[in-house]
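Residue numbers (the working numbering), protein chains in the order written: chain A, 2 to 268; chain B, 2 to 648.
Beta carbons are placed, not taken as given, at the ideal position from N, Cα and C, and that holds for glycine.
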Ligand code: SF4
């Protein structure tokens with residue numbers, strides 16, 4: 002059966018951000034069944050529910066802009082109310098994951114993997130100095146190339162990520178560190194916040210170019226994906242699910258996480 | 002301590018295994034009057050999370066007003082190193098509470114090779130590994146699970162161990178601890194341990210004196226008159242009273258057996274002589290079919306799983322199994338829920354059952370003939386004929402399966418090379434049967450070295466040496482080298498040697514375990530971490546003769562390290578069964594035939610709870626006669642004297 006496509010936008014915060022992309026896929030398969038959403042299954046010896054996820058979110062990062070497309074029973078889809086669906090899905094998700102929007106999309110709509118061209122990230126680098134960071138950012142944006150070391154299929158390569166860094170803004174508004182808002186391209190290969198930070202390292206005088214890319218310790222980096230963007234043929238930027246469809250968006254459930262942590266204090 | 006742990010998680014592999022937050026998690030209410038339990042599985046989260054025993058106790062304890070339970074799992078090496086560097090202790094997953102704050106740290110012991118991890122977890126909890134060095138303020142260290150039927154190798158590290166079903170025992174222990182706390186902890190640590198020693202099913206090693214004569218164990222006797230000379234196991238009479246877990250934990254990250262698991266019965270009296278699980282969990286207690294249906298239906302709805310496993314030993318023996326499987330598939334209202342029966346006897350696997358399972362999504366099929374010849378299977382009392390196996394395999398292929406797995410043991414008592422090589426022959430014949438139904442049938446043969454276990458008729462048998470086990474695996478490898486469709490896999494015989502030492506050792510083996518742990522030997526169940534040299538040099542350093550513990554045949558009058566513990570089974574019943582094994586004489590299943598008075602029911606005033614008075618249809622049902630082709634009445638296999646009837 003060919004189903005009706007629905008697209009869901011969801012957030013991921015708190016402890017659950019340590020789950021992997023693969024884990025999230027499994028969580029969603031179960032949650033859709035718990036919410037009694039009739040997802041269409043593939044044919045064959047071992048049928049799988051037809052759910053497609055967008056760009057992988059690196060394990061440990063949080064997000065306000067995760068997406069999935071699911072094919073569902075058209076008869077059921079005809080009768081659903083988007084707002085009720087959003088509520089039902091959130092209720093069946095684990096603490097820390099929240100459904101933000103859901104809507105039917107056209108059957109011809111390109112897949113998330115193909116359509117999304119860039120993401121906006123909020124990057125908190127603990128211990129960084131605001132002035133130094135601003136200088137490093139200007140230097141980076143003026144540079145002809147930004148080289149980072151990456152691992153690809155088990156081999157180390159040096160890539161220039163400068164063309165993929167669309168914009169970086171420095172906000173010195175977090176305690177003990179620097180907050181960056183960055184728009185990073187996802188095509189041909191997604192640039193990760195950690196890679197941006199690695200490239201921003203101020204070059205201490207006289208070092209050879211190849212030596213300055215010291216990775217930022219991952220424990221000092223917290224990042225949140227705020228938006229995913231699709232660039233249309235007309236050159237305009239839009240989100241896979243328009244913001245207007247978000248309605249009253251709840252803030253990330255930091256409260257529920259805190260209550261769990263709080264329960265652990267003392268006997 | 003989440004805030005201290007959180008910065009470490011981006012630096013370790015699979016951080017999701019340390020976050021907890023699963024659906025089904027309880028938020029415990031800790032209070033001074035409440036007894037807090039840290040239920041600990043001494044292996045990784047992926048292995049430990051699905052453990053049903055631990056989940057059952059977790060719920061039962063959290064339902065009690067006087068108890069609060071959380072869970073912990075052994076951190077992987079990368080996190081452990083960071084924790085030790087930062088001075089962080091073992092922690093619970095539920096609220097990330099430090100282990101030292103709990104009243105009890107209780108370990109689930111399902112396999113001997115986790116023993117070094119138990120020591121590591123105790124140490125990570127900031128508690129002295131040797132019970133004798135602990136202070137009054139330290140948590141009590143307890144253990145439960147199948148391995149506690151011989152806890153002697155861990156006796157110096159445990160404060161107490163529970164034998165048998167834990168459902169009622171944890172409540173009794175909680176009551177004793179709550180009382181002790183409320184009345185100002187009279188007698189300190191020793192006082193509460195003395196009180197625990199009087200709780201049925203609870204063994205407190207420090208209350209027993211061990212006497213040796215040179216290498217020989219002479220006696221293990223209570224130090225005080227109020228401490229029982231023999232600790233008897235606990236048995237819940239009726240599973241219907243214990244519909245747990247009611248809210249199975251749904252992990253956020255991938256684990257083994259990641260599905261809904263519903264225990265349909267406990268205990269098994271097929272009487273396989275190598276099988277400790279069967280011997281120590283007698284009698285058979287079936288869950289009412291109606292309760293099974295409810296637990297399956299509600300469990301699927303609540304968890305969102307699309308797979309349910311009906312668990313037990315030899316699940317196809319469940320009365321009316323075909324009906325239950327059919328109902329499960331029907332109930333699901335669609336064809337997307339799959340039912341798996343992880344433990345299947347071939348003589349109860351029929352076309353009907355195969356058809357029911359395959360209506361849902363097919364999962365892998367595993368059969369365990371255990372031995373290659375009928376003679377060998379009479380020795381081990383796994384009374385299935387070659388034809389039973391072939392007709393089960395035929396049923397499976399005819400219903401569309403293409404792949405199956407066959408489990409075998411090698412190194413069994415009286416095993417000869419023709420017995421071993423017959424394994425290869427069986428596998429080849431199964432592939433040949435499959436050719437009629439599919440172009441590329443495949444059979445995986447999995448071979449494990451036999452490790453004799455306490456409270457089985459084979460507890461007196463000297464385990465095959467490493468050289469001998471390797472030779473037998475080699476025979477199979479050579480024989481199957483050019484066989485299309487058969488893959489051979491084997492369990493490392495070196496690990497079987499260490500397992501053998503830990504499984505039938507006495508307290509002196511504890512030194513070896515501690516030595517292995519102190520020299521970096523954790524996660525010994527993981528082949529990449531297992532190193533036999535470490536065990537051998539530890540045994541040498543501790544003056545422990547591996548041969549005497551593992552490879553030596555034992556005699557009836559010898560004192561066994563677990564003689565002061567009891568699984569209900571009379572020692573002379575087990576001895577008679579051992580003699581019968583050597584005589585190649587089988588013994589029928591007592592659930593459908595008269596009782597042999599093995600002691601498991603008769604000693605405790607319990608009995609089989611089985612809905613059907615006759616065995617499931619199909620196969621030879623332990624008679625050795627092909628009932629499906631003419632023979633109608635199950636013939637009696639043997640005239641067997643009722644041993645122990647005089648007692
Ligand atoms: S006491 Fe009798 S009925 Fe019960 S398990 Fe033993 S032999 Fe079977």
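Which one of B/213, B/211, B/216, B/171 has the shortest CA to CA distance from residue 197 of chain B?
B/171
Near the ligand SF4: residue 603 of chain B beta-carbon under 7 Å from a heavy atom:
yes
For residue 169 of chain B, which residues of its own chain have a beta-carbon under 7 Å away from its beta-carbon, when the five flanking residues on both sides are left out?
235, 237
beta-carbon residue 284 of chain B near the ligand SF4 non-hydrogen atom, thresh 7 Å:
yes
Expressed to the nearest angstrom, what Euclidean distance is found between the alpha-carbon atoms of residue 120 of chain A and residue 5 of chain B?
30 Å
What do you get for residue 213 of chain B, buried or exposed, if any count of 16 or more other CB atoms within 10 angstroms of its CB means buried?
exposed
Identify the residues that DSSP records as bridge partners of residue 63 of chain A: which are they?
A/225
Rounded to whole angstroms, what is the Cα-Cα separation between residue 317 of chain B and residue 263 of chain B?
14 Å
Nearest-angstrom Cα separation, counted from residue 460 of chain B out to residue 56 of chain A
56 Å
How is residue 538 of chain B classed by DSSP in three states: helix, strand or coil?
helix
Please state if the CB of residue 129 of chain A and the CB of residue 80 of chain A are separated by a distance shorter than 8 Å.
no
What residues in the region 409 to 434 of chain B bring their beta carbon closer than 9 Å to a beta carbon of chain A?
none
How is residue 15 of chain A classed by DSSP in three states: helix, strand or coil?
helix
Below 7 Å on C-beta distance, what does residue 24 of chain A contact in chain B?
17, 253, 254, 255
Determine the DSSP secondary structure at residue 76 of chain B, reduced to helix, strand or coil.
coil
Which class does residue 27 of chain A belong to by DSSP, given the choice of helix, strand or coil?
helix
When we look at the beta-carbon of residue 417 of chain B and count the other beta-carbons within 10 Å, is it buried (16 or more) or exposed?
exposed
The ligand SF4 heavy atoms versus the CB of residue 609 of chain B: any closer than 7 Å?
yes
Taking 7 Å as the limit between beta carbons, can you name the residues of its chain near residue 267 of chain B, skipping five residues before and five after?
240, 282, 286, 313
Check the Cβ of residue 304 of chain B against every Cβ in chain A and list those closer than 8 Å, keeping chain order.
31, 35
Is residue 236 of chain B near the ligand SF4 - that is, is its Cβ less than 7 Å away from at least one heavy atom of it?
no
Report buried or exposed for residue 631 of chain B, applying the criterion of at least 16 other Cβ atoms within 10 angstroms of its Cβ.
Because the pLDDT of residue 631 of chain B is 43, which lies under 50, any placement of that residue in the model is unreliable, and the number read from its coordinates should be weighed accordingly. Exposed is the call here.
Inter-residue spacing [alpha-carbon to alpha-carbon] between residue 182 of chain A and residue 175 of chain A
13 Å
Please return the same chain residues whose Cβ sits closer than 6 Å to the Cβ of residue 36 of chain A, not counting the five positions on each side in sequence.
89, 90, 93
Count the other C-beta atoms from every protein chain shown that fall within 10 angstroms of the C-beta of residue 490 of chain B, then say buried if there are 16 or more, exposed otherwise.
exposed
Am I right that residue 1 of chain A and residue 33 of chain A are in contact with their C-beta atoms under 8 Å? What's the rounded C-beta distance?
No answer is possible for residue 1 of chain A: the residues shown for chain A start at 2 and end at 268.
So residue 481 of chain B packs on residue 487 of chain B, CB below 8 Å; how close in whole Å?
5 Å
Opposite residue 42 of chain A in the DSSP bridges: which residues?
A/50
Taking contact to mean 3 or more Cβ pairs, one atom from each stretch, closer than 8 Å, check whether the region 572 to 590 of chain B and the region 446 to 463 of chain B are in contact.
yes
Residue 439 of chain B burial status per 10 Å Cβ neighbour count (16 or more: buried):
exposed
Taking 8 Å as the threshold, find out whether the region 99 to 107 of chain B comes into contact with the region 137 to 146 of chain B through three or more Cβ pairs.
yes
Opposing strand residues paired with residue 178 of chain A [DSSP bridges]
A/127, A/175
In chain order, what residues of the region 44 to 68 of chain A put their CB closer than 7 Å to some CB of chain B?
47, 48, 60, 61
Using a C-beta to C-beta distance shorter than 8 Å, which residues of chain A count as neighbours of residue 142 of chain B?
Near residue 142 of chain B there are no residues of chain A at all, since even the closest Cβ is about 18 Å away, more than 8 Å.
Can you tell me the Cα-Cα spacing of residue 216 of chain B and residue 429 of chain B, whole angstroms?
47 Å
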